[in-house]
Amino acid sequence: MDAPFSRTTTFTSSRSDMASTINVAMIGARFMGKAHSNAYLQVGKFFDPAVRPVMKAVCSRDLAGTQAFAEQFGWERAETDWQDVVAADDIGLVDVCTPGDTHALISIAAAKAGKHVFCEKPLANSLADALKMLAAVREAGVRHMVNFNYRRCPAVSLARQMVEAGEIGEVRQWRATYLQDWLVDPESPYSWRMDKSIAGSGAHGDLNAHAIDLARFITGDEITQVVGDMKTFVEERPYPDGSGSGVGASGAAGAKGKGKVTVDDASIFLARFAGGAIGTFEATRMAPGRKNFNRFEVSGSRGSLVWNFEDMNVLEYYSTDDPTARQGFRRIMATESDHPYVGAWWPPGHLLGYEHSFVHGVYDLLQAIASGDDVAPDFRDGAQCVAVLEAVEASVAAGSWQNVAAVE
Ligand code: SOE
Numbered sequence: 384m385d386a387p388f389s390r391t392t393t394f395t396s397s398r399s400d401m402a403s404t405i406n407v408a409m410i411g412a413r414f415m416g417k418a419h420s421n422a423y424l425q426v427g428k429f430f431d432p433a434v435r436p437v438m439k440a441v442c443s444r445d446l447a448g449t450q451a452f453a454e455q456f457g458w459e460r461a462e463t464d465w466q467d468v469v470a471a472d473d474i475g476l477v478d479v480c481t482p483g484d485t486h487a488l489i490s491i492a493a494a495k496a497g498k499h500v501f502c503e504k505p506l507a508n509s510l511a512d513a514l515k516m517l518a519a520v521r522e523a524g525v526r527h528m529v530n531f532n533y534r535r536c537p538a539v540s541l542a543r544q545m546v547e548a549g550e551i552g553e554v555r556q557w558r559a560t561y562l563q564d565w566l567v568d569p570e571s572p573y574s575w576r577m578d579k580s581i582a583g584s585g586a587h588g589d590l591n592a593h594a595i596d597l598a599r600f601i602t603g604d605e606i607t608q609v610v611g612d613m614k615t616f617v618e619e620r621p622y623p624d625g626s627g628s629g630v631g632a633s634g635a636a637g638a639k640g641k642g643k644v645t646v647d648d649a650s651i652f653l654a655r656f657a658g659g660a661i662g663t664f665e666a667t668r669m670a671p672g673r674k675n676f677n678r679f680e681v682s683g684s685r686g687s688l689v690w691n692f693e694d695m696n697v698l699e700y701y702s703t704d705d706p707t708a709r710q711g712f713r714r715i716m717a718t719e720s721d722h723p724y725v726g727a728w729w730p731p732g733h734l735l736g737y738e739h740s741f742v743h744g745v746y747d748l749l750q751a752i753a754s755g756d757d758v759a760p761d762f763r764d765g766a767q768c769v770a771v772l773e774a775v776e777a778s779v780a781a782g783s784w785q786n787v788a789a790v791e
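Using the working numbering, the first residue of the sequence shown is number 384, and each one after it goes up by one.
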């Protein structure tokens, strides 16, 4: 078997012709599996990572489907036993693309086997599990990253740079709305995303997790107290007939009748930040007309920034430093070569999309693996996000403000 992390001569272009490689195993082969596979395929073509991924093994439960997936995306082998894959001597990085209920099991086993770990969000379905994952990767001394991909949309990375540089002054208010509509129809089929024992929660963990991560990333601050409300509008849904293809299409196929929805359709909360800012968060799968309306607006003492994934290349910026007669929101197209990540892609002015954010994340992870430096968002960030999610759920149960546990 190949060494998991070896030096090989793989390229003869003007880029590095002496490239290190790392063998990757990905567990899970559905929507996120495709997005991650695409990232491994693209990263070495547009960036020049110090270590290049070799797509060694993909693993999921059904052999024929996994083999077809491996062939489609160029994985060398298809497997069905994640434990064998994680333990295999030739694997250096384990990429966890399964639903939340298995993140802890797989990530901890991978860390114990000395593998670097890249895990989908939310990091875990409970803070207790997230803390165990954090302890495992720290003990193993491996690199770890949770995939909050929206951080790496160029306009979002730019917003972080601007807040850090003080361009909107002191952050006072954060407003996040993450709105989708794919569950508005009560006949939309049941999937694992509606099963609390698998997904952990609904719009809350799926969408508010992103919003919480963006709030922490952009403000550089921590959420310390929360109070919220959550609602399930449609309490049971028909099992899928296998014909669907949307995000909710998988799971329980073949079962008859209706499945009980045990997660929220919508989740809202108020937040207080350590630095004195306050914030609002709203996540729903029940907002007709909103497709992937992941929007934040951050108000500071000298300006504001607004971003919305539905127009993801644009960052809106208002500055009180502009002359009064010229003040107004300007639309910054984050498509220029001096914007984060953009120079690696097309000539200036050409738009990037959803998939690019995954390529950027994989690039940064590979650089960290090569250098041995930490990469953000890491499992501590992932666990802190879960702490916020969990505190909101506690506040709903208690009907009162709750403190958020601080993850060290
Ligand atoms: C479905 O709600 C989903 O695909 C999420 O799971 C993703 O994390 C989000 O980026 C888009 O919507």
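In this text, a Cβ means the ideal position worked out from N, Cα and C, and glycines have one as well. Computed from a prediction, not measured in an experiment: that's the story for all the values here.
- Judged by their CB atoms, Val-426 and Leu-735 are not nearer to each other than the 8 Å cut-off.
- Bounds of the beta strand (DSSP E) holding Lys-643 are 641-643.
- For His-527, the enclosing beta strand (DSSP E) stretches over residues 527-530.
- Residue environment analysis places Lys-498 among the buried positions, since at least 16 neighbouring C-beta atoms fall within 10 angstroms of its C-beta.
- Three or more Cβ pairs closer than 8 Å define a contact, and the region 659-673 meets that threshold against the region 555-568.
- By the Cβ rule, the region 567-586 counts as touching the region 605-624, because three or more pairs are nearer than 8 Å.
- Per DSSP, reduced to three states, the secondary structure at Val-758 is coil, with no helix or strand assignment.
- Ranked by Cα distance from Lys-439, the options Ala-594, Met-415, Asp-478 are led by Asp-478.
- Look at Thr-703 here: in three-state DSSP terms it is coil, with no helix or strand label.
- Distance check between Arg-555 and each of Arg-714, Gly-686, Ile-752 places Gly-686 closest, using alpha-carbon atoms only.
- The beta-carbon distance between Arg-543 and Ile-601, rounded to whole angstroms, is 5 Å. This is short enough to meet the 8 Å contact definition.
- According to the DSSP assignment, Ala-649 belongs to the beta strand (DSSP E) that extends over 649-656.
- Secondary structure within the region 463-536: the alpha helix (DSSP H) runs of 4 or more consecutive residues, fully enclosed, are 465-470, 486-495, 510-523 (chain order).
- Membership of Leu-446 in the alpha helix (DSSP H) is indicated by the continuous run 446-456.
- Here DSSP, grouped into helix, strand and coil, assigns Thr-560 to strand.
- Within 7 Å of the C-beta of Asp-589 there is at least one heavy atom belonging to ligand 1.
- Secondary structure note for Ile-581: its alpha helix (DSSP H) is the uninterrupted segment 579-582.
- Looking at Asp-512, Leu-517, Phe-501, Lys-515, the one whose alpha-carbon comes closest to that of Val-529 is Phe-501.
- Beta-bridge partners assigned by DSSP to Thr-667: Leu-562, Ala-649.
- In the same chain as Ala-492, and ignoring 5 residues on each side of it, the C-beta atoms closer than 6 Å to its own belong to Val-469, in chain order.
- Taking 8 Å as the cut-off, the Cβ atoms of Gly-662 and Arg-558 count as close.
- Between the region 700-713 and the region 508-517, the count of Cβ pairs shorter than 8 Å is below three; the stretches do not touch.
- At least one heavy atom of ligand 1 sits closer than 7 Å to the Cβ of His-593.
- Contact check for Thr-481 and Val-434: beta-carbon distance about 24 Å, past the 8 Å limit, so the pair fails to qualify.
- Only exposed fits Glu-693, as fewer than 16 other CB atoms lie within 10 angstroms of its CB.
- Under the DSSP definition of a beta bridge, Lys-614 partners with Ala-649.
- Distances from the alpha-carbon of Asn-406 to those of Leu-446, Asn-421, Cys-768, Val-441 put Val-441 closest.
- In the structure shown, the three-state DSSP call for Phe-741 is helix.
- Going by DSSP, Phe-676 is part of the beta strand (DSSP E) stretching over 676-683.
- Residue Arg-599 holds the alpha-carbon nearest to the alpha-carbon of Glu-547 among Arg-599, His-593, Phe-676, Ala-507.
- In this structure Ala-770 does not touch Leu-506 by the C-beta definition: roughly 10 Å separates them, more than the 8 Å allowed.
- Residue environment for Pro-572: buried (at least 16 other C-beta atoms within 10 angstroms of its C-beta).
- Within the same chain, and ignoring the five residues on either side of Phe-430 in sequence, the residues whose Cβ sits closer than 8 Å to its Cβ are Ala-727, Val-742, Tyr-746.
- In this structure, Ala-759 keeps its C-beta atom at 8 Å or more from the C-beta atom of Arg-526.
- At least 8 Å separates the beta-carbon of Ala-777 from that of Gln-767.
- Here the alpha carbons of Lys-428 and Arg-678 stand approximately 31 Å from one another.
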